[in-house]
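To start, the structure itself, in structure tokens.
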Amino acid sequence: MRIGMLSWESLYSIKVGGVAPHVSEISEALARRGHEVHIFTRRGDFESYDRINGVHYQRVDSDSSGDILYKMDRMGDALYHRFGAVQQLFGKFDIIHGHDWHPVPALTRIKRDYGLPFLLTMHSTEWGRNGNHFGYGISQEISHREWLGCYESSLVIVTTRLMQEELMRVFGLPEEKTRIIPNGIIMGKMRRGLDPGRIKEKYGIHPMAPLVLFCGRMSIQKGPDLLVEAIPRILYNRHDVRFIFMGEGVMRQDCERRARELGVSDACRFLGYTSSADKEELVNACDLMCVPSRNEPFGVVVLEAWDACKPVVATEAVSIINNFEDGLVAYVQPESIAWCVNRLLANPEIIPFSEDKVTQYFQVLVLRHAR
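All letters in the sequence shown, in the order written, are residues 5 to 375 by my numbering.
As structure tokens, this is what we get:
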């Protein structure tokens, strides 16, 4: 088949978050199966065309001025016109696969003008990113585009049952129009043989001090503020625990300010955006990963932690964890998060990890969530 992937990010264009590796890696897997895959995305600092790992990258210039809606409208225009040119050159596409709300204007125009059906993978919703609330203004329009994409698509792919239920509740999406296909990572991708103590020292942390890692956007959806509020209760139990927050976002300054107010800023490191290499080092150096999300459609960072044989404390919003089997599940409350972190740091043996165990977790995950 000739497949068109439309996304505002990928590993080999502009990379924003977890959608980038998802789009590139699923495209490479399809190419290995003999399909011709074209990713239509923003150009950034790359050439307008590349073929990487068997995948055609069709990159477009887009206006970087204005708000996010204006930017995505201009991107949509550029993707639509590039699609037409590529189809004229390579031949008719069999199917189009869009990711999230950003390319919806282009997807609906392609469907209308070329008679091509499209699939849509919803990685998250604006409702969820707002902490399970609808927003106003720009946020309201983003929610509308998400609804429109779900309505116009032939099929909507989600990664968990929880996300499926969210779309059914928020947008009235019929269950029969959805398919659950769990996210995945390439096993061994995150695992590194390194000295955790040496990595901790790079950040001014004693090599023997327990390290709790947060990895994600500093946003209300991801709940970094909940972990900050939990820190005094964790330090009361063990004073040498240290916390690294990896990621940028609107809540970063608030979290830094709150850490100072609570008197725990010395125990925290707020790194902002970090490179993939730094992320890999810290995931392998930490003693546990904390995922304190208020809303989490899947949580690829959980798979990355498992791949590095690291235990996870996550809130009940992260539906892929079985409590006391492959992690500890907390309520969406600082007190509960602190209890779980304290329990796991004091008794790491309750969640044993090995390469064989990680393989088993991944197999069970697919069987549990795929439908």
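Each residue gets a CB set at the ideal place from its N, CA and C atoms; glycine is no exception.
Given the structure is predicted, the values throughout are model-derived calculations rather than measurements.
How big is the Cα-Cα spacing for residue i and residue j?
i	j	result
P186	T164	6 angstroms
E150	G176	12 angstroms
E205	H39	47 angstroms
C259	N299	18 angstroms
M79	E179	31 angstroms
P200	Y240	24 angstroms
A24	M250	17 angstroms
Y61	Y16	8 angstroms
D330	V305	14 angstroms
L349	R116	56 angstroms
G227	S297	5 angstroms
H137	E320	18 angstroms
P211	E285	14 angstroms
G303	V162	13 angstroms
Y376	T125	The chain is shown from 5 up to 375; residue 376 falls before or after that span and cannot be answered.
In the DSSP output, what is residue i paired with across the bridge?
i	result
N351	The partner list for N351 (beta bridge, DSSP) is empty, contrary to what the question assumes.
T45	R63
R6	E40
F122	I100
I324	Bridge partners of I324: none, in fact.
D54	Y61
Determine, using beta carbons only, whether residue i and residue j come nearer to each other than 7 angstroms.
i	j	result
G58	I18	no
I142	E130	no
V322	E308	no
C294	V268	no
L93	V64	no
A263	P338	no
Out of the options, state which residue places its alpha-carbon closest to the alpha-carbon of residue i.
i	options	result
G192	K75, K115, K314	K314
D311	L292, P296, S297	L292
L166	R237, R183, C290, G139	R183
P109	I238, L123, D77, N136	D77
V27	I189, N136, H148, N351	I189
S280	M212, D81, H137, C219	C219
W12	A33, L34, A35, F44	F44
E156	K283, R256, G119, A289	G119
P301	Q225, C290, L332, V245	Q225
R46	V232, S14, D244	S14
Handout entry: the stretch 89-103 in contact with the stretch 263-279 per 3-pair CB rule at 8 angstroms
Key = no
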